[in-house]
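Read through the structure below, which is laid out as structure tokens, and then see the notes.
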């Protein structure tokens, strides 16, 4: 995890997952649910399912990467959605390639052919 993010991360508001009383559900509880939904039975395989990470942070990274790749929101909106003050934190820590390189090549070829 990027050091810059950990400095401001633990502010107790704006959480997505809340319990019946409106209090934050902690990361480990969410990860336990994700593991159970994916059929994981032990801690050793806790965050790798079918060779891919499967925790709540992985879902967060993938969501941010997909939004960035689809270019459906501005970088300013993306940084705000991620809870970052600076887009460089979002780019450095969260945006990763989601498509196979051949998919990019095919899209590039279509642009060149048109």
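In my numbering, the protein residues as written are 9 to 122. Just so it is clear, CB atoms sit at the ideal spot from N, CA and C, and this is done for glycine as well.
For residue j and residue i, the rounded distance between their alpha carbons
i: residue 29; j: residue 37; result: 16 Å
i: residue 102; j: residue 86; result: 11 Å
i: residue 89; j: residue 69; result: 12 Å
i: residue 32; j: residue 77; result: 30 Å
i: residue 44; j: residue 79; result: 33 Å
i: residue 104; j: residue 63; result: 16 Å
i: residue 99; j: residue 65; result: 15 Å
i: residue 25; j: residue 111; result: 34 Å
i: residue 113; j: residue 27; result: 45 Å
i: residue 42; j: residue 117; result: 38 Å
i: residue 34; j: residue 122; result: 50 Å
i: residue 23; j: residue 97; result: 20 Å
i: residue 74; j: residue 81; result: 11 Å
i: residue 4; j: residue 92; result: Lying outside 9 to 122, the shown extent of the chain, residue 4 is not represented and no answer is given.
DSSP beta-bridge partners of residue i
i: residue 26; result: 32
Check whether residue i and residue j have beta carbons under 8 Å apart
i: residue 95; j: residue 83; result: yes
Proximity to residue i [Cα-Cα], best of the options
i: residue 39; options: 67, 77, 23; result: 67
Distance cut-off 7 Å: residue i Cβ against heavy atoms of the ligand NAP
i: residue 33; result: Questions concerning the ligand NAP fall outside what the structure shown contains, since it holds no ligand whatsoever.
First and last residue of the uninterrupted alpha helix (DSSP H) at residue i
i: residue 84; result: 83–90
i: residue 100; result: 95–101
i: residue 66; result: 64–78
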